[in-house]
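Peer 1: Counted from 1, the sequence shown has number 1183 at position 149 by our numbering; the numbering is strictly sequential.
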Amino acid sequence: MEKVLVTGGAGFIGSHTVDLLLQRGYQVRVLDALLPPVHPQPRCPAYLPAEVELIMGDVRDKRIFTQALKGVDAVFHLAAYQDYLPDFSRFFQINSVGTALLYEIIVEQRLPIQKVVFASSQAVYGEGSYHCTYHGLQYPELRSREQLIRREWEIACPLCLNLMQPCPTAENLVQPHNSYAISKYSQEMIALNLGQRYDIPTVGMRYSITQGPRQSFSNAYSGICRIFTTRMLAGKAPIAYEDGRQLRDYIYVEDVARANLLVLEDKRANYQVFNVGGGEAVTVLEYGQLVAQTLGTHLQPIVAGEFRFGDTRHIISDNAKLYRLGWQPQTTLPEIIQAYVTWASEQPNLGDYYAPAERYMKQVGTVCKAV
(Lines of atoms letter the chains of each structure in order from A and count residues from 1; the text may use other names and numbers.)
(Lines give C-alpha, C1' and ligand atoms only; values in the text may rest on other atoms or scores of the structure.)
Protein backbone atom coordinates (compact mmCIF):
# COMPACT_ATOMS: atom_id res chain seq x y z
CA MET A 1 0.00 0.00 0.00
CA GLU A 2 1.33 3.41 -0.95
CA LYS A 3 -1.53 5.93 -0.94
CA VAL A 4 -4.18 6.23 1.77
CA LEU A 5 -7.40 8.25 1.90
CA VAL A 6 -8.40 9.58 5.32
CA THR A 7 -11.97 10.82 5.53
CA GLY A 8 -12.28 13.36 8.32
CA GLY A 9 -8.51 13.72 8.06
CA ALA A 10 -8.52 17.37 9.11
CA GLY A 11 -10.22 16.47 12.38
CA PHE A 12 -8.90 15.26 15.70
CA ILE A 13 -8.17 11.54 15.33
CA GLY A 14 -7.90 11.92 11.57
CA SER A 15 -5.10 14.50 11.61
CA HIS A 16 -2.98 12.51 14.05
CA THR A 17 -3.48 9.42 11.89
CA VAL A 18 -2.38 11.49 8.88
CA ASP A 19 0.79 12.54 10.73
CA LEU A 20 1.72 8.94 11.48
CA LEU A 21 0.97 7.80 7.93
CA LEU A 22 3.35 10.44 6.59
CA GLN A 23 6.02 9.40 9.10
CA ARG A 24 5.68 5.82 7.84
CA GLY A 25 6.19 6.91 4.22
CA TYR A 26 2.62 6.78 2.92
CA GLN A 27 1.15 9.31 0.51
CA VAL A 28 -1.99 10.80 2.04
CA ARG A 29 -5.18 12.25 0.64
CA VAL A 30 -7.77 13.81 2.96
CA LEU A 31 -11.49 14.19 2.34
CA ASP A 32 -13.04 16.57 4.86
CA ALA A 33 -16.10 18.82 4.76
CA LEU A 34 -14.56 21.21 7.34
CA LEU A 35 -17.99 21.73 8.87
CA PRO A 36 -19.08 23.00 12.30
CA PRO A 37 -19.04 22.13 15.12
CA VAL A 38 -15.56 20.64 14.67
CA HIS A 39 -14.41 23.37 12.28
CA PRO A 40 -16.02 26.76 13.05
CA GLN A 41 -14.55 28.17 9.82
CA PRO A 42 -14.42 26.25 6.50
CA ARG A 43 -10.66 26.45 6.08
CA CYS A 44 -7.81 23.99 6.29
CA PRO A 45 -6.34 23.89 9.81
CA ALA A 46 -2.73 25.01 10.11
CA TYR A 47 -1.66 21.67 11.60
CA LEU A 48 -2.48 19.73 8.41
CA PRO A 49 0.86 19.13 6.62
CA ALA A 50 1.43 20.80 3.25
CA GLU A 51 2.23 17.49 1.54
CA VAL A 52 -1.31 16.22 2.17
CA GLU A 53 -3.70 16.36 -0.78
CA LEU A 54 -6.89 17.92 0.60
CA ILE A 55 -10.27 17.49 -1.07
CA MET A 56 -12.93 19.59 0.60
CA GLY A 57 -16.18 17.65 0.46
CA ASP A 58 -18.82 15.63 2.26
CA VAL A 59 -18.89 11.83 2.55
CA ARG A 60 -22.56 12.00 1.52
CA ASP A 61 -21.63 13.52 -1.86
CA LYS A 62 -21.15 10.59 -4.23
CA ARG A 63 -19.35 12.56 -6.93
CA ILE A 64 -16.73 13.98 -4.57
CA PHE A 65 -16.37 10.74 -2.61
CA THR A 66 -15.75 8.88 -5.88
CA GLN A 67 -13.08 11.40 -6.86
CA ALA A 68 -11.41 10.99 -3.47
CA LEU A 69 -11.36 7.19 -3.67
CA LYS A 70 -9.76 6.89 -7.09
CA GLY A 71 -6.08 6.04 -7.01
CA VAL A 72 -5.80 5.11 -3.33
CA ASP A 73 -4.87 1.74 -1.88
CA ALA A 74 -6.55 1.96 1.53
CA VAL A 75 -9.08 4.05 3.43
CA PHE A 76 -9.33 5.31 6.98
CA HIS A 77 -13.01 6.21 7.26
CA LEU A 78 -12.92 8.56 10.24
CA ALA A 79 -15.46 11.18 9.18
CA ALA A 80 -18.31 11.16 11.69
CA TYR A 81 -21.00 13.21 13.34
CA GLN A 82 -21.20 13.12 17.13
CA ASP A 83 -23.16 15.31 19.49
CA TYR A 84 -25.55 15.26 22.44
CA LEU A 85 -28.27 17.12 20.55
CA PRO A 86 -31.53 15.50 19.34
CA ASP A 87 -30.85 15.90 15.60
CA PHE A 88 -31.28 12.15 15.20
CA SER A 89 -31.38 11.92 11.41
CA ARG A 90 -28.00 13.60 10.98
CA PHE A 91 -26.23 10.81 12.88
CA PHE A 92 -27.48 8.28 10.35
CA GLN A 93 -27.05 10.48 7.28
CA ILE A 94 -23.34 10.95 7.96
CA ASN A 95 -22.28 7.88 9.95
CA SER A 96 -24.43 5.19 8.32
CA VAL A 97 -25.22 6.48 4.82
CA GLY A 98 -21.68 7.80 4.35
CA THR A 99 -20.30 4.34 5.15
CA ALA A 100 -22.75 2.59 2.82
CA LEU A 101 -21.76 5.03 0.07
CA LEU A 102 -18.08 4.19 0.59
CA TYR A 103 -18.68 0.52 -0.20
CA GLU A 104 -21.17 1.33 -2.96
CA ILE A 105 -18.52 3.35 -4.80
CA ILE A 106 -15.79 0.75 -4.28
CA VAL A 107 -18.03 -1.98 -5.71
CA GLU A 108 -19.54 0.07 -8.55
CA GLN A 109 -16.18 1.45 -9.68
CA ARG A 110 -14.35 -1.84 -9.03
CA LEU A 111 -11.70 0.02 -7.08
CA PRO A 112 -8.75 -2.09 -5.84
CA ILE A 113 -9.02 -1.00 -2.21
CA GLN A 114 -6.83 -3.25 -0.08
CA LYS A 115 -8.15 -2.26 3.37
CA VAL A 116 -10.80 -0.11 5.05
CA VAL A 117 -10.37 0.89 8.70
CA PHE A 118 -13.33 2.74 10.17
CA ALA A 119 -14.06 4.60 13.40
CA SER A 120 -16.63 3.04 15.69
CA SER A 121 -17.08 3.87 19.36
CA GLN A 122 -17.17 2.54 22.89
CA ALA A 123 -20.70 4.01 22.89
CA VAL A 124 -22.05 0.84 21.24
CA TYR A 125 -21.79 -0.90 24.63
CA GLY A 126 -24.45 1.21 26.31
CA GLU A 127 -24.06 0.64 30.04
CA GLY A 128 -21.49 -2.08 29.39
CA SER A 129 -20.77 -5.10 31.60
CA TYR A 130 -21.48 -5.43 35.33
CA HIS A 131 -20.99 -8.13 37.92
CA CYS A 132 -23.60 -9.04 40.53
CA THR A 133 -22.35 -10.88 43.62
CA TYR A 134 -25.30 -13.26 43.43
CA HIS A 135 -26.13 -13.48 39.72
CA GLY A 136 -22.81 -13.01 37.95
CA LEU A 137 -22.32 -11.09 34.71
CA GLN A 138 -25.13 -8.71 33.73
CA TYR A 139 -25.70 -6.30 30.83
CA PRO A 140 -28.01 -3.60 32.20
CA GLU A 141 -30.44 -1.49 30.22
CA LEU A 142 -30.39 2.29 29.92
CA ARG A 143 -31.11 4.05 33.20
CA SER A 144 -34.52 5.71 33.18
CA ARG A 145 -35.00 9.46 33.39
CA GLU A 146 -37.12 8.93 36.53
CA GLN A 147 -34.31 7.00 38.20
CA LEU A 148 -31.83 9.77 37.46
CA ILE A 149 -34.18 12.50 38.67
CA ARG A 150 -34.27 10.61 42.00
CA ARG A 151 -30.43 10.66 42.04
CA GLU A 152 -30.26 6.87 41.80
CA TRP A 153 -27.03 6.99 39.85
CA GLU A 154 -25.70 3.48 40.37
CA ILE A 155 -26.98 0.38 38.58
CA ALA A 156 -28.76 -2.42 40.41
CA CYS A 157 -29.01 -6.06 39.41
CA PRO A 158 -32.32 -6.60 37.57
CA LEU A 159 -32.79 -9.89 39.46
CA CYS A 160 -32.02 -9.02 43.09
CA LEU A 161 -31.78 -5.19 43.02
CA ASN A 162 -28.40 -5.19 44.75
CA LEU A 163 -25.90 -2.68 43.39
CA MET A 164 -23.43 -4.15 40.90
CA GLN A 165 -19.78 -3.50 40.11
CA PRO A 166 -18.74 -2.38 36.60
CA CYS A 167 -16.20 -4.54 34.81
CA PRO A 168 -14.23 -4.19 31.55
CA THR A 169 -16.38 -4.74 28.48
CA ALA A 170 -15.15 -6.90 25.60
CA GLU A 171 -16.10 -6.69 21.93
CA ASN A 172 -18.79 -9.37 22.07
CA LEU A 173 -21.32 -7.02 23.74
CA VAL A 174 -23.43 -4.65 21.64
CA GLN A 175 -26.19 -2.66 23.32
CA PRO A 176 -26.35 0.91 21.93
CA HIS A 177 -28.69 3.23 23.80
CA ASN A 178 -28.58 6.59 22.01
CA SER A 179 -28.74 7.82 18.42
CA TYR A 180 -24.99 8.26 18.06
CA ALA A 181 -24.29 4.77 19.41
CA ILE A 182 -26.97 3.19 17.21
CA SER A 183 -25.55 4.94 14.15
CA LYS A 184 -22.04 3.68 14.96
CA TYR A 185 -23.26 0.12 15.36
CA SER A 186 -25.16 0.36 12.09
CA GLN A 187 -21.90 1.57 10.56
CA GLU A 188 -20.18 -1.56 11.88
CA MET A 189 -22.86 -3.80 10.39
CA ILE A 190 -22.67 -2.06 7.02
CA ALA A 191 -18.87 -2.06 6.81
CA LEU A 192 -18.13 -5.55 8.11
CA ASN A 193 -20.89 -7.26 6.15
CA LEU A 194 -20.25 -5.48 2.85
CA GLY A 195 -16.52 -5.87 3.36
CA GLN A 196 -16.83 -9.64 3.74
CA ARG A 197 -19.36 -9.97 0.92
CA TYR A 198 -17.19 -8.12 -1.59
CA ASP A 199 -13.77 -9.21 -0.31
CA ILE A 200 -12.74 -5.78 0.97
CA PRO A 201 -10.67 -6.32 4.15
CA THR A 202 -12.32 -4.19 6.81
CA VAL A 203 -11.56 -3.37 10.46
CA GLY A 204 -13.63 -1.45 13.04
CA MET A 205 -12.09 0.50 15.91
CA ARG A 206 -14.18 1.11 19.03
CA TYR A 207 -12.41 4.09 20.55
CA SER A 208 -12.72 4.98 24.22
CA ILE A 209 -12.72 8.66 25.21
CA THR A 210 -9.88 10.01 23.09
CA GLN A 211 -7.97 13.03 24.39
CA GLY A 212 -5.12 15.24 23.26
CA PRO A 213 -4.09 18.28 21.21
CA ARG A 214 -6.32 19.49 18.35
CA GLN A 215 -9.62 18.64 19.98
CA SER A 216 -12.10 21.18 18.69
CA PHE A 217 -12.99 23.89 21.19
CA SER A 218 -16.36 24.43 19.50
CA ASN A 219 -17.58 20.81 19.58
CA ALA A 220 -19.66 20.11 22.71
CA TYR A 221 -18.97 16.39 22.30
CA SER A 222 -15.20 16.74 22.19
CA GLY A 223 -14.34 15.69 25.68
CA ILE A 224 -13.86 16.25 29.36
CA CYS A 225 -10.29 17.51 29.09
CA ARG A 226 -11.27 20.33 26.75
CA ILE A 227 -14.27 21.33 28.90
CA PHE A 228 -12.48 21.21 32.25
CA THR A 229 -9.33 22.91 30.94
CA THR A 230 -11.05 25.81 29.20
CA ARG A 231 -13.35 26.44 32.16
CA MET A 232 -10.48 26.43 34.66
CA LEU A 233 -8.31 28.64 32.45
CA ALA A 234 -11.22 31.09 32.40
CA GLY A 235 -11.32 31.02 36.22
CA LYS A 236 -14.56 29.03 36.37
CA ALA A 237 -15.23 25.72 38.10
CA PRO A 238 -16.49 23.05 35.67
CA ILE A 239 -19.69 21.10 36.28
CA ALA A 240 -19.51 17.36 36.99
CA TYR A 241 -22.73 15.59 36.08
CA GLU A 242 -24.49 13.17 38.44
CA ASP A 243 -22.24 12.75 41.50
CA GLY A 244 -18.95 12.90 39.59
CA ARG A 245 -18.09 9.31 40.46
CA GLN A 246 -18.70 7.92 36.97
CA LEU A 247 -15.83 5.72 35.79
CA ARG A 248 -14.34 6.25 32.33
CA ASP A 249 -11.17 5.14 30.56
CA TYR A 250 -9.23 7.64 28.47
CA ILE A 251 -6.84 7.12 25.58
CA TYR A 252 -4.27 9.47 24.06
CA VAL A 253 -4.86 10.38 20.44
CA GLU A 254 -1.35 9.37 19.35
CA ASP A 255 -1.89 5.93 20.89
CA VAL A 256 -5.10 5.72 18.85
CA ALA A 257 -3.18 6.62 15.69
CA ARG A 258 -0.69 3.82 16.40
CA ALA A 259 -3.56 1.36 16.81
CA ASN A 260 -5.03 2.54 13.51
CA LEU A 261 -1.85 1.87 11.60
CA LEU A 262 -1.32 -1.46 13.33
CA VAL A 263 -4.62 -2.86 12.04
CA LEU A 264 -4.02 -1.30 8.62
CA GLU A 265 -0.79 -3.25 8.27
CA ASP A 266 -1.75 -6.49 10.06
CA LYS A 267 -3.90 -9.02 8.18
CA ARG A 268 -4.87 -10.70 11.44
CA ALA A 269 -7.15 -7.74 12.13
CA ASN A 270 -9.29 -8.20 9.02
CA TYR A 271 -13.08 -8.33 9.46
CA GLN A 272 -12.92 -7.71 13.19
CA VAL A 273 -13.67 -4.91 15.66
CA PHE A 274 -11.24 -3.86 18.38
CA ASN A 275 -11.51 -1.87 21.58
CA VAL A 276 -8.99 0.96 21.79
CA GLY A 277 -8.89 2.19 25.38
CA GLY A 278 -6.51 3.53 27.97
CA GLY A 279 -6.61 0.46 30.18
CA GLU A 280 -7.26 2.40 33.39
CA ALA A 281 -10.53 3.79 34.75
CA VAL A 282 -10.81 6.96 36.84
CA THR A 283 -13.79 8.93 38.09
CA VAL A 284 -14.80 12.28 36.63
CA LEU A 285 -13.89 13.97 39.92
CA GLU A 286 -10.45 12.36 39.92
CA TYR A 287 -9.98 13.54 36.36
CA GLY A 288 -10.93 17.07 37.39
CA GLN A 289 -8.40 16.98 40.21
CA LEU A 290 -5.67 15.99 37.75
CA VAL A 291 -6.58 18.87 35.44
CA ALA A 292 -6.53 21.31 38.38
CA GLN A 293 -3.14 20.01 39.54
CA THR A 294 -1.74 20.38 36.03
CA LEU A 295 -3.03 23.95 35.76
CA GLY A 296 -1.96 24.84 39.31
CA THR A 297 -5.44 25.98 40.31
CA HIS A 298 -7.57 25.31 43.38
CA LEU A 299 -10.74 25.12 41.26
CA GLN A 300 -12.54 21.78 41.46
CA PRO A 301 -15.54 20.38 39.59
CA ILE A 302 -18.91 21.35 41.06
CA VAL A 303 -21.47 18.59 41.62
CA ALA A 304 -24.77 20.35 40.98
CA GLY A 305 -27.11 17.36 40.69
CA GLU A 306 -27.46 17.70 36.92
CA PHE A 307 -27.35 14.81 34.50
CA ARG A 308 -27.36 14.11 30.78
CA PHE A 309 -30.09 11.64 30.00
CA GLY A 310 -28.61 8.79 27.96
CA ASP A 311 -25.12 8.95 29.49
CA THR A 312 -23.67 5.68 30.70
CA ARG A 313 -22.88 5.39 34.39
CA HIS A 314 -19.57 3.53 34.07
CA ILE A 315 -17.81 2.22 30.98
CA ILE A 316 -14.40 0.56 30.76
CA SER A 317 -13.09 -1.16 27.63
CA ASP A 318 -11.29 -4.50 27.69
CA ASN A 319 -8.26 -4.11 25.37
CA ALA A 320 -7.10 -7.74 25.49
CA LYS A 321 -7.94 -8.41 21.85
CA LEU A 322 -5.84 -5.51 20.56
CA TYR A 323 -3.05 -6.35 23.01
CA ARG A 324 -2.73 -9.73 21.26
CA LEU A 325 -1.78 -7.89 18.06
CA GLY A 326 1.07 -6.19 19.93
CA TRP A 327 -0.44 -2.81 20.79
CA GLN A 328 -0.30 -1.16 24.20
CA PRO A 329 -1.20 2.40 25.25
CA GLN A 330 2.02 4.28 25.94
CA THR A 331 0.72 7.51 27.48
CA THR A 332 -0.44 7.86 31.09
CA LEU A 333 -3.43 9.97 32.05
CA PRO A 334 -1.31 12.73 33.69
CA GLU A 335 0.78 12.85 30.49
CA ILE A 336 -2.39 13.08 28.37
CA ILE A 337 -3.68 15.99 30.43
CA GLN A 338 -0.31 17.76 30.41
CA ALA A 339 -0.07 17.47 26.62
CA TYR A 340 -3.54 18.91 26.18
CA VAL A 341 -3.09 21.73 28.69
CA THR A 342 0.22 22.74 27.08
CA TRP A 343 -1.37 22.82 23.63
CA ALA A 344 -4.56 24.58 24.75
CA SER A 345 -2.62 27.27 26.60
CA GLU A 346 -0.89 28.19 23.33
CA GLN A 347 -4.13 28.63 21.35
CA PRO A 348 -5.45 32.12 20.54
CA ASN A 349 -8.99 33.19 21.41
CA LEU A 350 -9.42 30.45 23.98
CA GLY A 351 -12.94 30.76 25.35
CA ASP A 352 -15.67 28.90 27.19
CA TYR A 353 -17.36 27.37 24.15
CA TYR A 354 -19.24 24.84 26.26
CA ALA A 355 -21.58 27.27 28.04
CA PRO A 356 -23.81 28.01 24.98
CA ALA A 357 -24.00 24.31 24.13
CA GLU A 358 -24.92 23.47 27.72
CA ARG A 359 -27.69 26.08 27.72
CA TYR A 360 -29.11 24.60 24.54
CA MET A 361 -28.91 21.05 25.91
CA LYS A 362 -30.94 22.22 28.90
CA GLN A 363 -33.52 23.82 26.59
CA VAL A 364 -34.04 20.60 24.62
CA GLY A 365 -34.06 18.36 27.71
CA THR A 366 -30.71 16.62 27.23
CA VAL A 367 -29.34 18.10 30.47
CA CYS A 368 -31.76 17.76 33.38
CA LYS A 369 -31.84 18.59 37.08
CA ALA A 370 -32.27 15.92 39.73
CA VAL A 371 -34.43 16.52 42.80
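Heads up, the beta-carbon is just placed ideally off N, CA and C, and yes, glycines get one too.
Out of Asn-1383, Cys-1402, Thr-1376 and Arg-1260, state which residue places its alpha-carbon closest to the alpha-carbon of Tyr-1275.
Peer 2: Of Asn-1383, Cys-1402, Thr-1376 and Arg-1260, the residue nearest in Cα terms is Cys-1402.
Peer 1: Quick test of your reading: Leu-1267 and Leu-1329, contact by CB under 8 Å. State the CB separation rounded to the nearest angstrom.
Peer 2: With 8 Å as the limit, Leu-1267 and Leu-1329 qualify as a contact, their Cβ atoms being about 7 Å apart.
Peer 1: Assign Leu-1195 to buried or exposed, taking buried as 16 or more other Cβ atoms, counted over all protein chains shown, within 10 Å of its Cβ.
Peer 2: Counting Cβ neighbours within 10 Å, Leu-1195 comes out exposed, since fewer than 16 surround it.
Peer 1: Buried or exposed for Asp-1233, please, with buried defined as at least 16 other CB atoms from any protein chain shown within 10 angstroms of its CB.
Peer 2: Its Cβ having fewer than 16 others within 10 Å, Asp-1233 is exposed.
Peer 1: Using a threshold of 7 Å, state whether the C-beta atoms of Leu-1065 and Thr-1041 are closer than that.
Peer 2: In this structure, Thr-1041 lies closer than 7 Å to Leu-1065 by Cβ.
Peer 1: Would you call the CB atoms of Gly-1278 and Pro-1200 closer than 7 Å?
Peer 2: Contact flag unset, no.
Peer 1: For Thr-1400, tell me which candidate among Gly-1344, Arg-1185, Gly-1045 and Leu-1112 has the shortest Cα-Cα distance.
Peer 2: The shortest Cα separation from Thr-1400 among Gly-1344, Arg-1185, Gly-1045 and Leu-1112 belongs to Gly-1344.
Peer 1: Is the beta carbon of Thr-1244 sitting closer than 7 Å to the one on Val-1290?
Peer 2: Yes. Within cutoff.
Peer 1: Relative to the C-alpha of Ala-1157, which candidate in Ser-1213, Arg-1144 and Val-1106 has its C-alpha closest?
Peer 2: Among Ser-1213, Arg-1144 and Val-1106, the Cα nearest to that of Ala-1157 belongs to Ser-1213.
Peer 1: Among the candidates Lys-1396, Arg-1248 and Leu-1356, whose CA atom is the shortest distance from the CA of Glu-1205?
Peer 2: Comparing Cα-Cα distances from Glu-1205 to each of Lys-1396, Arg-1248 and Leu-1356, the minimum goes to Leu-1356.
Peer 1: Do Tyr-1305 and Leu-1015 come within 7 Å of each other at the CB atom, strictly closer than that value?
Peer 2: Lying before the first or after the last residue shown, residue 1015 is absent from the chain, which here runs from 1035 to 1405.
Peer 1: Classify Ile-1216 as helix, strand or coil using the three-state DSSP reduction.
Peer 2: If DSSP states are grouped into helix, strand and coil, Ile-1216 belongs with the helices.
Peer 1: Give the C-beta separation of Arg-1185 and Ala-1378 to the nearest angstrom, bearing in mind that I take them to be a contact with Cβ-Cβ under 8 Å.
Peer 2: Contact doesn't hold; Cβ gap of about 33 Å is too wide.
Peer 1: Would you report the Cα separation of Val-1109 and Thr-1331, rounded to the nearest angstrom?
Peer 2: Whole-angstrom Cα-Cα distance: 43 Å.
Peer 1: What does the alpha-carbon distance come out to for the pair Ser-1049 and Tyr-1081?
Peer 2: Cα-Cα distance, rounded: 8 Å.
Peer 1: List the whole-angstrom C-beta distance separating Leu-1103 from Leu-1039, where the pair is believed to meet the contact cut-off of C-beta under 8 Å.
Peer 2: Correct: roughly 6 Å between the Cβ atoms.
Peer 1: Using the three-state DSSP reduction, which class does Ile-1140 fall into: helix, strand or coil?
Peer 2: In this structure, Ile-1140 counts as helix in the three-state DSSP scheme.
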